[in-house]
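S.K.: Numbering of the sequence shown is given in full-length UniProt numbering, commencing with residue 1 and proceeding in unit increments.
Yeah, the Cβ is synthetic: ideal placement off N, Cα and C, and Gly gets one too.
Take this structure, written in structure tokens, and hold onto it; I'll ask about it next.
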Amino acid sequence: MPFFIYYFTMAPTVSLWDCGEFISTSIILGVPHPPGTPLYLLIGNFFSQIPILNDLGARVNLISPIASALSIMFLYMIIVHLIKEFTKKDNLSIYLSAFIGALTFAVTDSQWFNAVEA
1 MPFFIYYFTM APTVSLWDCG EFISTSIILG VPHPPGTPLY LLIGNFFSQI
51 PILNDLGARV NLISPIASAL SIMFLYMIIV HLIKEFTKKD NLSIYLSAFI
101 GALTFAVTDS QWFNAVEA
């Protein structure tokens, strides 16, 4: 569910600030800042070569919704594990509570902002 929220609100092309720099250096495999972000650039280059969206910026931007949705999924699994560990129960309320908690975090301002652009 968070992936679809992020995907439909994702930047459709290059946006402001560092996003354009990361998108362009992902395509040419350059260095955006002195410390660099080699893993992100390699993943961005891979995404830029997949013919799923027409715009190269949108292809590289697609990394963020996928990674953010995965982080929300892991947050959900951590919440479920911690509640089960402390309560020693296994019922529907645990899963529902974890879902609500993870979804609440998914729509917070800072998480959503980072999930919709490169």
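Just the Cα atoms here: how many angstroms apart are M73 and S48?
M.R.: Here residue 73 is taken as the residue at index 73 of the sequence shown, counted from 1. Here residue 48 is taken as the residue at index 48 of the sequence shown, counted from 1. Approximately 25 Å between the Cα atoms of the pair.
S.K.: Which value, in whole angstroms, describes the spacing of the CA atoms of L29 and I79?
M.R.: Along the sequence shown, one-based indexing puts residue 29 at 29. Along the sequence shown, one-based indexing puts residue 79 at 79. The alpha-carbon atoms of L29 and I79 are separated by roughly 37 Å.
S.K.: Could you say which of F46, L53, P51, D18 lies nearest to G36 if we only look at CA atoms?
M.R.: The residue labelled residue 36 in the question sits at position 36 within the sequence shown. Considering only alpha carbons, the answer is D18.
S.K.: Tell me, please, whether the stretch 87–94 touches the stretch 59–73 by the rule of three or more beta-carbon pairs shorter than 8 Å.
M.R.: Counting Cβ pairs under 8 Å, fewer than three are found: no touch.
S.K.: I'd like the span of the alpha helix (DSSP H) that includes H81, first residue to last.
M.R.: Here residue 81 is taken as the residue at index 81 of the sequence shown, counted from 1. Looking at the DSSP string, the run of the alpha helix (DSSP H) that includes H81 is 63–87.
S.K.: Mapping DSSP to helix, strand and coil, what is V107?
M.R.: Here residue 107 refers to the residue found at position 107 when the sequence shown is read from its first residue. Of the three classes helix, strand and coil, the one that applies to V107 here is coil, per DSSP.
S.K.: On a Cα-Cα basis, can you pick out the residue from L62, Y7, I100 that is closest to P51?
M.R.: Taking the first residue of the sequence shown as position 1, residue 51 is located at position 51. Per the Cα distances, L62.
S.K.: Hey, could you find the ends of the alpha helix (DSSP H) E117 is sitting in?
M.R.: Residue numbering aside, residue 117 sits at position 117 when the sequence shown is read from its first letter. Looking at the DSSP string, E117 is not in any alpha helix (DSSP H), and its letter there is neither H nor E.
S.K.: Tell me where the alpha helix (DSSP H) around L39 begins and ends.
M.R.: In the sequence shown, counting from the first residue as 1, residue 39 sits at position 39. L39 -> alpha helix (DSSP H) spans 38–48.
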